[in-house]
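**Q** I have a structure I would like to understand better, so I am pasting it below and will then ask my questions one at a time.
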Amino acid sequence: MEENGTSINEPNNKWKMPLFVFFKDARDVFKLDAISREILGIAFPSALAVAADPIASLIDTAFIGHLGPVELAAAGVSIALFNQASRITIFPLVSITTSFVAEEDTIEKLNAKVAENDNKVKFSEIIMPEDHMLQDIEKGAPKENIEPPKKSMKENGESKDLVVKSIATGNNHTKIVDVTNSKKGEEKVEKKKYIASASTALLFGTILGLIQTALLMFAAKPLLAVMGVKHDSPMLNPAEKYLRLRSIGSPAVLLSLAMQGIFRGFKDTTTPLYVIVAGYSLNVVLDPIFIFVLKMGIRGAAFAHVLSQYMMAFTLLLILMKKVHLLPPSIKDLQIFRFLKNGGLLMARVVAVTFCVTLAASLAARLGSIPMAAFQTCLQVWLTSSLLADGLAVAVQAILACSFAEKDYRKTTVAATRTLQMSFVLGMGLSLAVGVGLYFGAGIFSKNVNVVHLIKLGIPFVAATQPINSLAFVFDGVNYGASDFAYSAYSLVLVSIVSVAVEFLLYRSKHFVGIWIALTIYMTLRFLAGVWRMGTGTGPWRYLRGHSLP
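Residue numbers for the sequence shown follow my numbering, so the first one is 13 and each next one is one higher.
Written as structure tokens, this is what we have:
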């Protein structure tokens, strides 16, 4: 297969080895061409939306930190537990939904285009140009400067103006005329779509949200014990209150994220951004009111978060109802088994991968409230800054899902490599910003001298891992966009097994610093797993080595 005279296997012909494709057109990383505009148009709003939740948690952390180190540590454990539970349930759903909606929407558009071409009426006629047109042509006037004549025809009894687009050519002034409706003021009304994967995602989001609420509500104490909060710990009571209150918002959280996945599949990341910014702005306003004015303490922070989540969920649902039929024509149209199969793979991946972060938080909690408070602050900054790269991951996933559906392998290669190059540049910038910002801003999160001291010990690891983290997140998007869910699951399970062993080993010998060394190793292994798949030209990337895809 060739496109514009160039083989789709151009990367293999030029670079000899698929690994070198990562450096393809690296000089264009700052070039604002069509592919860069498409990537950034999706990535920028998505990055802001993805970072909104950690930023809100970071603001919660700052407010709660003024209540004392015990409350700060308690909130840290509860937030870590809640986030891990959410990732286990929703991240597979969001990732699958984005790819499936993008693929389904692309196929529907292709089918509609084929049907439109089959039913299109083409008009042709031989006419003599008007005198002034002949004079303009003879004088050598550019064709685009010659205003085409208008014709009139009746269609279904309605008179419409038709613009003749082509220009007379040849001595006989013969021309083929393509006519289009020039009547102004008419706009196509976008019809609501039947997207089965969207309906399926909402169904799973509702069910999983209710299950998560029940689990966190009734098993709060055992789960906190697993996190290292013992029955005699001063953190137990505030952590339990915070977790149970925040669990009430689980259905809203999961539904909101499921709907974000649907909008991402449509390559619309702007609409969710507006809703999310409004929701978390409400959260920021309510935090000091509930925590300090109404003297609700740590419970006030949880209550403010829950209210903002339900506001976002209902708003997104109202907007989505205008674009998509939420109920499919038939229950048989739901893609339940397809979601379960691929969702099961990604759930195994997420359980294994997020266990590394959960274990790290648990080990920090076992060191005491002071180390846990410092770890929580570093972790929130680490995740918030790194997740900015997730905007690029969302962009490349949506673009690749559409391009693979269209079998446009040239675009899949260019989109993947350009996005990875952008993520490396982003990571370098984040490394500098995080290092300087956290060093001078550590006192914002706590007034305790020991907490601030430990935060500064974690700065080198939090800052230095930013480029690695950025690339690792984007490689996840590359795998999901190529529907390479099996490799993503199996490789990350292996990475997690190795990382867990390293965490236990370094925790015993290096304590707080050892935990951060282990997390650095963990993210490096995630990054290398992404490099291996595409760099070896295997799986959906076989075409890089000249092999055809099924």
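Every residue, glycine too, gets a C-beta built ideally from N, C-alpha and C.
When you compare only the Cα positions, how much space is there between Val89 and Ala127?
**A** Answer to the nearest angstrom: the Cα atoms are 56 angstroms apart.
**Q** Report all residues from its chain with a CB closer than 6 angstroms to the CB of Ala407; omit the five preceding and five following residues, and keep chain order.
**A** Ile51, Ile54, Ala55.
**Q** Spatial neighbours of Leu306 within its chain, please: C-beta separation below 7 angstroms, excluding the five flanking residues on both sides.
**A** Correct list, in chain order: Gly312.
**Q** Would Tyr499 be called buried (16 or more neighbouring beta carbons within 10 Å of its own) or exposed?
**A** It counts as buried.
**Q** Could you check whether the stretch 347 to 365 touches the stretch 493 to 507, counting it as contact only if at least three pairs of C-beta atoms, one from each stretch, sit closer than 8 angstroms?
**A** Counting Cβ pairs under 8 angstroms, three or more are found: they touch.
**Q** Roughly how many angstroms lie between the CA atoms of Ser220 and Lys233, to the nearest whole one?
**A** Strictly speaking, residue 220 in this sequence is Leu, with Ser absent from that position. So the alpha carbons of these two residues sit roughly 21 angstroms apart.
**Q** Which of helix, strand or coil does DSSP assign to Lys205?
**A** Correct three-state label for Lys205: strand.
**Q** Identify whether Val448 lies in helix, strand or coil by the three-state DSSP scheme.
**A** Helix, per DSSP.
**Q** Put Val241 into one of helix, strand or coil per three-state DSSP.
**A** Looking at Val241 - three-state DSSP - the assignment turns out to be coil, as it is neither helix nor strand.
**Q** Can you grab the Cα-Cα spacing for the pair Pro57 / Gly403, in whole Å?
**A** About 7 angstroms.
**Q** Who are the near neighbours of Gly380 in its chain, counting only those whose CB is closer than 6 angstroms to its CB and skipping five residues on each side?
**A** Within the same chain, Gly380 has no close Cβ partners at all.
**Q** Whole alpha helix (DSSP H) runs in the stretch 211 to 296 with 4 or more residues, listed along the chain?
**A** DSSP runs (the alpha helix (DSSP H)) wholly in the stretch 211 to 296: 232 to 238, 248 to 259, 262 to 277.
**Q** Do Val106 and Ala270 count as a contact pair if the criterion is CB distance below 8 angstroms?
**A** Yes, Cβ-Cβ distance for Ala270 and Val106 is below 8 angstroms.
**Q** From the DSSP output, read off the bridge partner residues of Val336.
**A** Answer is Lys205, bridged to Val336.
**Q** By a C-beta neighbour count over all protein chains shown, 10 Å radius and 16 as the cutoff for buried, is Phe230 buried or exposed?
**A** Phe230 comes out exposed.
**Q** I'd like the span of the alpha helix (DSSP H) that includes Ala501, first residue to last.
**A** Per DSSP, Ala501 belongs to the alpha helix (DSSP H) from 497 to 547.
**Q** Have a look at Asn157 and Ala46 and give me their C-alpha separation to the nearest angstrom.
**A** Residue confidence for Asn157 is low, a pLDDT of 47 falling below 50, so the modelled location carries little weight; the figure read from the coordinates is stated next. Cα to Cα, Asn157 sits roughly 27 angstroms from Ala46.
**Q** Let me check understanding here. Comparing Cα to Cα, which of Leu257, Ala237, Pro250 lies closest to Thr225?
**A** Closest option to Thr225, Cα to Cα, is Leu257.
**Q** By a C-beta neighbour count over all protein chains shown, 10 Å radius and 16 as the cutoff for buried, is Ser495 buried or exposed?
**A** It is buried - the Cβ of Ser495 has at least 16 other Cβ atoms within 10 Å.
**Q** Helix, strand or coil: how does DSSP classify Leu357 here?
**A** In this structure, Leu357 counts as helix in the three-state DSSP scheme.
**Q** Please report the Cβ distance between Asn462 and Ile527, rounded to the nearest whole angstrom; I am assuming they are in contact, meaning their Cβ atoms lie under 8 angstroms.
**A** Going by Cβ atoms, the distance from Asn462 to Ile527 rounds to 17 angstroms, so no, they are not a contact pair.
**Q** Taking all protein chains shown into account, decide if Val437 is buried (16 or more other Cβ within 10 angstroms of its Cβ) or exposed.
**A** Under this definition Val437 is an exposed residue.
**Q** Only counting the same chain, and skipping five residues up and downstream in sequence, which positions put a Cβ closer than 7 angstroms to that of Ile331?
**A** The answer, listed in chain order, is Thr283.
**Q** Distance, Cα to Cα, Lys155 vs Lys125?
**A** Only weak support is given to the placement of Lys155: the predicted model assigns it a pLDDT of 47, under 50, and the value that follows is read from those uncertain coordinates. Going from the Cα of Lys155 to the Cα of Lys125 covers about 29 angstroms.
**Q** By the 10 Å Cβ neighbour count, where 16 or more other Cβ atoms means buried, how is Ser2 classified, buried or exposed?
**A** Residue 2 falls outside the range modelled here, since the chain spans only 13 to 562, and no answer is possible.
**Q** Give the secondary structure of Thr550 by DSSP, where H, G and I count as helix, E and B as strand, and everything else as coil.
**A** Here Thr550 sits in coil by DSSP.
**Q** Does the beta-carbon of Lys279 have 16 or more other beta-carbons within 10 angstroms, so that it is buried, or is it exposed?
**A** It is buried - the Cβ of Lys279 has at least 16 other Cβ atoms within 10 Å.
**Q** Apart from the five residues just before and just after Thr327, which ones in its own chain have a Cβ nearer than 7 angstroms to its Cβ?
**A** The residues are Val287.
**Q** For Leu444 and Ala475, what's the separation of their Cα atoms in angstroms?
**A** Roughly 7 angstroms between the two C-alpha positions.
**Q** Go to Pro472, then tell me how far its alpha helix (DSSP H) extends in each direction, as first and last residue.
**A** Element bounds for Pro472: 461 to 476.
**Q** Shortest alpha-carbon distance to Thr396 belongs to which of Leu60, Ile480, Arg39?
**A** It is Leu60 whose Cα lies nearest to the Cα of Thr396.
**Q** Give the DSSP-derived three-state secondary structure of Phe32 in the structure shown.
**A** In the structure shown, Phe32 sits in a helix (DSSP, three-state: H, G or I).
**Q** Of the residues Phe524, Pro300, Gly291, Lys423, which one's Cα is nearest the Cα of Leu371?
**A** Nearest C-alpha to Leu371: Phe524.
**Q** Note down the Cα distance separating Ile91 from Leu255, rounded to an integer number of angstroms.
**A** Answer to the nearest angstrom: the Cα atoms are 8 angstroms apart.
**Q** Can Arg430 and Asn491 be called in contact, C-beta distance under 8 angstroms?
**A** Their beta carbons are not under 8 angstroms apart, which means Arg430 does not touch Asn491 by this criterion.
**Q** Once the 5 residues before and after Gln337 are set aside, which same chain residues still bring their CB inside 6 angstroms of it?
**A** A small fix is needed here, since residue 337 is His in this sequence, not Gln. Excluding sequence neighbours, His337 sits near Lys204, Tyr206.
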